[in-house]
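Right, one structure below, let's go through it.
There are 4 protein chains.
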Amino acid sequence: MSQEQFQACIDECLACMKVCNHCYDACLKEGDSHHMADCIRLDRECADMCAFAAGAMSRNSQFAHQICQLCAEICEACGNECKKHDHAHCKECAEACFKCADVCRKMAS
Amino acid sequence: MSQEQFQACIDECLACMKVCNHCYDACLKEGDSHHMADCIRLDRECADMCAFAAGAMSRNSQFAHQICQLCAEICEACGNECKKHDHAHCKECAEACFKCADVCRKMAS
Amino acid sequence: MSQEQFQACIDECLACMKVCNHCYDACLKEGDSHHMADCIRLDRECADMCAFAAGAMSRNSQFAHQICQLCAEICEACGNECKKHDHAHCKECAEACFKCADVCRKMAS
Amino acid sequence: MSQEQFQACIDECLACMKVCNHCYDACLKEGDSHHMADCIRLDRECADMCAFAAGAMSRNSQFAHQICQLCAEICEACGNECKKHDHAHCKECAEACFKCADVCRKMAS
Numbered sequence: 001m002s003q004e005q006f007q008a009c010i011d012e013c014l015a016c017m018k019v020c021n022h023c024y025d026a027c028l029k030e031g032d033s034h035h036m037a038d039c040i041r042l043d044r045e046c047a048d049m050c051a052f053a054a055g056a057m058s059r060n061s062q063f064a065h066q067i068c069q070l071c072a073e074i075c076e077a078c079g080n081e082c083k084k085h086d087h088a089h090c091k092e093c094a095e096a097c098f099k100c101a102d103v104c105r106k107m108a109s
Numbered sequence: 001m002s003q004e005q006f007q008a009c010i011d012e013c014l015a016c017m018k019v020c021n022h023c024y025d026a027c028l029k030e031g032d033s034h035h036m037a038d039c040i041r042l043d044r045e046c047a048d049m050c051a052f053a054a055g056a057m058s059r060n061s062q063f064a065h066q067i068c069q070l071c072a073e074i075c076e077a078c079g080n081e082c083k084k085h086d087h088a089h090c091k092e093c094a095e096a097c098f099k100c101a102d103v104c105r106k107m108a109s
Numbered sequence: 001m002s003q004e005q006f007q008a009c010i011d012e013c014l015a016c017m018k019v020c021n022h023c024y025d026a027c028l029k030e031g032d033s034h035h036m037a038d039c040i041r042l043d044r045e046c047a048d049m050c051a052f053a054a055g056a057m058s059r060n061s062q063f064a065h066q067i068c069q070l071c072a073e074i075c076e077a078c079g080n081e082c083k084k085h086d087h088a089h090c091k092e093c094a095e096a097c098f099k100c101a102d103v104c105r106k107m108a109s
Numbered sequence: 001m002s003q004e005q006f007q008a009c010i011d012e013c014l015a016c017m018k019v020c021n022h023c024y025d026a027c028l029k030e031g032d033s034h035h036m037a038d039c040i041r042l043d044r045e046c047a048d049m050c051a052f053a054a055g056a057m058s059r060n061s062q063f064a065h066q067i068c069q070l071c072a073e074i075c076e077a078c079g080n081e082c083k084k085h086d087h088a089h090c091k092e093c094a095e096a097c098f099k100c101a102d103v104c105r106k107m108a109s
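Just so you know, the sequences run in chain order B, W, S and Z.
Residue numbering for the first sequence follows UniProt numbering, starting at 1 and increasing by one per position.
Residue numbering for the second sequence follows UniProt numbering, starting at 1 and increasing by one per position.
Residue numbering for the third sequence follows UniProt numbering, starting at 1 and increasing by one per position.
Residue numbering for the fourth sequence follows UniProt numbering, starting at 1 and increasing by one per position.
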């Protein structure tokens, strides 16, 4: 993996972290937040994983590949939950999650 | 502050982190999770802050005092939210938060 | 503070996190890493604080202002350490730290 | 896995986090910190991974098993580095890492 691809993966994880945390905040404000419980939960899981992965890559961790493999899996799961919902923040989040999952999967391989 | 008090503050923060994350999980399972939105939110804030403070203290950060001051404030806010609710996990969480706020306040001073 | 300034502060913290973690990695590779011990230490403190602040802002934490105030202080301290050293990664890190400290200070006020 | 084993794994990860961060701090104070660069680096990786795993378990993350599998791997690597060194903090750290790796491996399986 080139230095450019490495930097791109860090930035994708940070972008996904921001969008997941925004979706978490927005879900907690929805009138149907009970219906959004799984989305709230996965948004946090995914935001925390993406932040952890970006941190590990930026400090050149020897475990970056395995961490990105796990990050891809969690992004995929969060995207699959978010895409079930019609809120704009959920649709936007699903898109960011799937994009990040792709980039992390390439990083891991 | 003695080494014993320092260790005690780390352990109080970690205990509070565990209880806040447990309360977060339990609130998301309640049928009235919309009513619990502020509690869910503060549980996460407090758990993350306590984990950050415990990490900083355990690596002997020169900023441990300021970090604990902020941690005390967030624990206090989380405790005040949790004590409004009748769920056993909220009562238990309020207690852990107020105890951690006290210990962090002493650490900070 | 406008939404644009808020987003700008998140991005400044994430940029500073990346540069601090890069400086940490580079310092550990220097032949004189003993001489770099304070820089390694502050790079980690600052990277972790910036990641914490960016996470808090992106989830719309009610404590964002106080967190950014602390972040500004830690960025300032890291910048002051880094600027003592002639390594290019330290100079770059000092610049990112001072810039982030400025933006966080405005966010906190 | 029983609730008791789950709690035990959280506590083992938090104990390992504390010991790794203490070893990191102590290594940075050693006169031969250049010689300790890999140990410093792995102490941070392991402390951060253990904190992440403990957080995930305490919030009942659906990814707890995969996270613990990765945590076991990083603990193992940190233990193998620490055991090369004669400092008491490294010996103590190696012991905590191998113990945590065992418990995480059981949790993951």
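Even glycine gets a Cβ: it sits at the ideal position worked out from N, Cα and C.
What you are looking at is a predicted structure, and each value in this text was computed from that prediction instead of being measured.
Residues of the stretch 12 to 36 of chain S with a Cβ closer than 8 Å to any Cβ of chain B, in chain order: 14, 17, 18, 21, 22, 24, 25.
Neighbours of residue 59/W in chain Z, taken as residues at a C-beta separation under 8 Å, are given in chain order as 21, 22, 24, 25, 47.
Inter-segment contact for the stretch 62 to 77 of chain W and the stretch 90 to 106 of chain W is present: three or more beta-carbon pairs are separated by less than 8 Å.
Using a Cβ-Cβ cut-off of 8 Å, residue 74/B does not count as an interface residue toward chain W, since no Cβ of chain W sits closer than that to its own. Taking 8 Å as the cut-off, the Cβ atoms of residue 58/W and residue 45/S do not count as close.
The DSSP-derived three-state label of residue 85/B is coil.
Of the residues 20/W, 40/W, 55/W, 38/W, the one whose Cα lies closest to the Cα of residue 7/W is 55/W. Here DSSP, grouped into helix, strand and coil, assigns residue 62/B to coil.
In the structure shown, the three-state DSSP call for residue 35/S is coil.
Spatial neighbours of residue 42/S in its own chain (CB-CB distance under 7 Å, excluding positions within 5 residues in sequence) are listed in chain order as 77, 78, 81.
In chain order, 18 make up the part of chain S whose C-beta sits under 8 Å from the C-beta of residue 10/B. Shortest Cα-Cα distance from residue 109/Z to any of 94/Z, 66/Z, 17/Z, 51/Z involves 66/Z. Distance check between residue 10/Z and each of 20/Z, 51/Z, 92/Z, 34/Z places 51/Z closest, using alpha-carbon atoms only. Cα atoms of residue 38/W and residue 88/S: separation of roughly 46 Å, rounded to the nearest angstrom. Per DSSP, the unbroken alpha helix (DSSP H) holding residue 12/B starts and ends at 3 to 29. In this structure, residue 12/S places its C-beta atom within 8 Å of the C-beta atom of residue 100/S. Pairing residue 47/S with residue 21/S gives a Cβ-Cβ distance under 8 Å.
The beta carbon of residue 69/Z sits closer than 6 Å to the beta carbons of 108 from its chain, once the five residues preceding and following it are set aside; these are given in chain order. Residue burial annotation: residue 18/W is buried, with at least 16 other C-beta atoms found within 10 angstroms of its C-beta. At least 8 Å separates the CB of residue 88/W from every CB of chain Z.
Taking every protein chain shown into account, the CB of residue 85/W has 16 or more other CB atoms within 10 angstroms, so this residue is buried. A direct Cα-to-Cα measurement between residue 29/Z and residue 49/S gives close to 22 Å. Around residue 51/W, the beta-carbon contacts reaching into chain Z at under 7 Å are 51, 55. Using a Cβ-Cβ cut-off of 7 Å, residue 98/S is close to nothing in chain W; its nearest Cβ partner there is about 17 Å away. Residue 40/B has a beta carbon lying at 8 Å or more from every beta carbon in chain Z. Chain W places no beta carbon closer than 8 Å to that of residue 105/B, leaving this residue out of the contacts.
Listed along chain B are 45, 74, each with a C-beta nearer than 7 Å to that of residue 63/Z.
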